[in-house]
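Participant: When you read off a place in the sequence shown, starting at 1, and then add 16, the result is the number in our numbering.
Ideal Cβ placement from N, Cα and C applies to all residues, glycine included.
Keep in mind the model is a prediction, meaning the values are calculated, not measured.
Mind having a look at this structure? Questions to follow.
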Amino acid sequence: MMEYFAVEGGHPLEGSVTIHGAKNSALPILAAALLADGESVIHNCPALTDCAAALEILRCLGCRVRREGTTVTVDTTCRREHVIPDGLMGRMRASVLFLGALLARDRAAAACWPGGCALGARPIDLHIRAFQALGAQVRSWNGQLSLQAPRLAGRRLALPIPSVGATENAMLAACGAQGVTVIDNPAREPEIVDLQGFLRCLGARVTGAGSDRITVEGGHRLHPGEYTVMADRIVTATYLCAVAAAGGEGELRGAQASHLAPVISALKGAGCAIGGQKGRLWIRRKGPLGGVGALRTGPYPAFPTDAQPLLAAALAGGGGKSRITETIFDHRFRYVQGLAEMGACIQVRGDTAAIVGRPLRGAWVEATDLRGGAALTVAALAAQGESRIGGLEHIDRGYEALDRDLRALGGWVWRKQE
Ligand code: UD1
């Protein structure tokens, strides 16, 4: 049975939606729950297939896991296993975060190489170098990985690039290392700050997340904790771009404007009015959508790579010119094919997409990755006529129910089966 979104485009939006918890916070936080003895409670954990995979990994490691609505309870009391099954490791990239947590807890971890969105080569050399620097022996053969560390000792780590996952893994492993670990040039994404918040609520001594140096004083026994995951900033960006694309106005409840400064300023530059106070954001577009000129993605606080396809999708149906340069991932323009089928004028040369906005028409297209799939749905809201977006398994990795939320915003989007 094939599932797809049926979208009837060309109608301005009007509505209000609540932003669900952040996938990229919830996943490292679920891995971090392994560090505490006993039952931790995590609120606002979004019901996504990636989170379901993380909960399954925890179960396979021997944890008792319960979900009630968006609250997840992880009880590590009976946990023994330190091998992550291949099927789960291959399902998503973030499963690699369990390695740092297992290393801190058990001094050992084993798994195959991680899966994830097909955005190009996604090595984990920086993760492995951080583990080795803290004292782990890493063996790799036939796509399998084995980590052993009779002893982990804190030390100074300098990341050559501010990798999000490597920063998180270094923080997790450092919690189990005796002494002080200093991580220089860490990623500064809000999700790193959220992970620090959870670790501190377990009693870990971590400071500096969000700055250019994180310090972890490791080796302390951690207790269970209760924590609320922050709102998803890329989901927020998705709905901002949806209103920018289709026109009209929308209210995003629970959204954190401060996490999205470059996205908000790009959309304002293209002609949207955006405002709000703590925990609430609104966007309005009454006139035409212009271009944004030249824009580059980059590590936080620069324009997020995950929002790049979403903004491009909105701009493709607007009336201006834009040039977007992708600096993080090699294969992040795969969604352009789908937009072209909707009539978009986008030329990709190397790492840069040149967009000349013009009216789009509905088409049958296929999501090839998570944000690319959401971007096609955003474009379909602006396109005249009906679109079908297939490949929903990619979209379900990061959105609880993209169709439900877009309907709450006034869009005509329905999940259908054939
Ligand atoms: C995380 C996010 C993802 C987002 C990305 C960049 C999660 C679960 N996923 O992914 O949604 O798009 O940050 O904001 O949080 N790199 C290496 N070696 C490594 C690790 C990374 O060369 O060991 C490179 C990558 O190939 C990429 C760049 O570093 O070019 C950034 O990747 P990274 O920040 O690690 O992204 P992820 O943690 O995989």
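Alpha carbons only, please: which of T393, V57, Y20 is nearest the one belonging to Y255?
Facilitator: The count along the sequence shown starts at 1 and reaches residue 255 at position 239. When only C-alpha atoms are compared, the closest one is T393.
Participant: Identify the continuous alpha helix (DSSP H) that holds S41 and give its terminal residues.
Facilitator: Locating residue 41 in the sequence shown gives position 25, counting from the first residue. Residues 39–48.
Participant: For T341, is the beta carbon positioned less than 7 Å from some heavy atom of ligand 1?
Facilitator: Working through the sequence shown from its first residue, we reach residue 341 at position 325. T341: no, Cβ never under 7 Å from ligand 1.
Participant: Just to confirm the assignment, what range does the alpha helix (DSSP H) spanning S281 have?
Facilitator: Looking up residue 281 in the sequence shown gives position 265. Here the alpha helix (DSSP H) through S281 covers 277–285.
Participant: Return yes when the Cβ of D248 is within less than 8 Å of the Cβ of H36, no when it is not.
Facilitator: Indexing the sequence shown from 1 puts residue 36 at position 20. Indexing the sequence shown from 1 puts residue 248 at position 232. Yes. Within cutoff.
Participant: Would a C-beta distance cut-off of 8 Å place V90 and S56 closer than the cut-off?
Facilitator: For the purposes of this step, residue 90 is taken as the residue at position 74 of the sequence shown. For the purposes of this step, residue 56 is taken as the residue at position 40 of the sequence shown. Yes; because the gap between Cβ atoms is below 8 Å, this pair is in contact.
Participant: From G426 to C61, what distance separates their C-alpha atoms?
Facilitator: Your numbering for residue 426 matches position 410 in the sequence shown. Your numbering for residue 61 matches position 45 in the sequence shown. Their Cα atoms are separated by approximately 25 Å.
Participant: With L142 and L175 assumed to form a contact (beta carbons below 8 Å), what rounded beta-carbon distance in angstroms separates them?
Facilitator: Looking up residue 142 in the sequence shown gives position 126. Looking up residue 175 in the sequence shown gives position 159. That pair is a contact at about 6 Å.
Participant: Can I208 and V251 be called in contact, C-beta distance under 8 Å?
Facilitator: Here residue 208 refers to the residue found at position 192 when the sequence shown is read from its first residue. Here residue 251 refers to the residue found at position 235 when the sequence shown is read from its first residue. Not in contact: I208 and V251 (Cβ atoms no closer than 8 Å).
Participant: Could you have a look at Q153 and say whether DSSP puts it in helix, strand or coil?
Facilitator: Along the sequence shown, one-based indexing puts residue 153 at 137. Reduced to three states, the DSSP call for Q153 is strand.
Participant: Assuming P315 and A203 make a contact with CB atoms under 8 Å, what is their CB distance in whole Å?
Facilitator: To locate residue 315, count along the sequence shown from 1; it is residue 299. To locate residue 203, count along the sequence shown from 1; it is residue 187. 6 Å between Cβ atoms; contact.
Participant: Considering only residues of the same chain and omitting the five flanking positions on each side of G401, which have a CB-CB separation below 8 Å?
Facilitator: Numbered from 1 along the sequence shown, position 385 holds the residue referred to as residue 401. Cβ neighbours of G401 beyond the five flanking positions: E24, G25, G26, R377, G378.
Participant: Under a three-way DSSP split, which group does G192 fall into?
Facilitator: For the purposes of this step, residue 192 is taken as the residue at position 176 of the sequence shown. Looking at G192 - three-state DSSP - the assignment turns out to be coil, as it is neither helix nor strand.
Participant: Just to confirm, are A117 and H98 a CB contact at a threshold of 8 Å?
Facilitator: For this step, residue 117 is matched to residue 101 along the sequence shown. For this step, residue 98 is matched to residue 82 along the sequence shown. Result no, Cβ atoms of A117 and H98 do not sit closer than 8 Å.
Participant: Within a Cβ cutoff of 6 Å, which residues of the same chain sit near A454, ignoring the five residues on either side of it in sequence?
Facilitator: Because the chain here runs from 17 to 434, residue 454 falls outside it and cannot be looked at.
Participant: Got a sec: does ligand 1 put a non-hydrogen atom nearer than 7 Å to the Cβ of G181?
Facilitator: Taking the first residue of the sequence shown as position 1, residue 181 is located at position 165. Checking the Cβ of G181 against ligand 1 gives yes.
Participant: Which of the three DSSP states is assigned to R21 in this structure?
Facilitator: On the sequence shown, position 5 is the one that residue 21 refers to. A small correction: the amino acid at residue 21 is Phe; Arg does not occupy that position in the sequence shown. If DSSP states are grouped into helix, strand and coil, F21 belongs with the strands.
Participant: CA-CA distance, C133 and E205?
Facilitator: The residue labelled residue 133 in the question sits at position 117 within the sequence shown. The residue labelled residue 205 in the question sits at position 189 within the sequence shown. Low confidence applies to C133: its pLDDT is 44, below 50, so where it sits in the model is not reliable, and the reading given next is rough at best. Each residue's alpha carbon lies about 19 Å from the other.
Participant: Report yes or no: do the stretch 329–345 and the stretch 263–274 share at least 3 C-beta pairs separated by less than 8 Å?
Facilitator: no
Participant: Between the Cα of V352 and the Cα atoms of P375, V81, E382, which residue gives the shortest distance?
Facilitator: Position 336 of the sequence shown holds residue 352. Of the listed residues, the one whose Cα sits closest to V352 is E382.
Participant: Got a sec? Which residues, its chain only, sit under 7 Å from G270 by beta carbon, not counting five neighbours each side?
Facilitator: Locating residue 270 in the sequence shown gives position 254, counting from the first residue. Taken in chain order, the residues that qualify are T34, I35, A247, G295.
Participant: Return yes when the C-beta of A203 is under 7 Å from any heavy atom of ligand 1, and no when it is not.
Facilitator: Numbered from its first residue, the sequence shown carries residue 203 at position 187. Answer for A203: yes, Cβ within range of ligand 1.
Participant: Does the distance between the C-beta of T92 and the nearest non-hydrogen atom of ligand 1 fall short of 7 Å?
Facilitator: Stepping through the sequence shown from its first residue, residue 92 is reached at position 76. Every heavy atom of ligand 1 is 7 Å or more from the Cβ of T92, so no.
Participant: How is C61 classed by DSSP in three states: helix, strand or coil?
Facilitator: Numbered from its first residue, the sequence shown carries residue 61 at position 45. C61: coil per DSSP, three-state reduction.
Participant: Which runs of the beta strand (DSSP E) fall wholly inside the stretch 202–229 and span at least 3 residues, in chain order?
Facilitator: As far as the stretch 202–229 is concerned, its whole beta strand (DSSP E) runs of at least 3 residues are 221–223.
Participant: Kindly list the residues whose CB is nearer than 6 Å to the CB of Q164, restricted to its own chain and excluding five residues on each side of it in sequence; keep chain order.
Facilitator: Taking the sequence shown and counting its residues from 1, one reaches residue 164 at position 148. A124, Q153.
Participant: What does the Cβ neighbour count give for H275, buried or exposed, with the cut at 16 atoms within 10 Å?
Facilitator: As a working note, residue 275 is residue 259 in the sequence shown. Result: buried.
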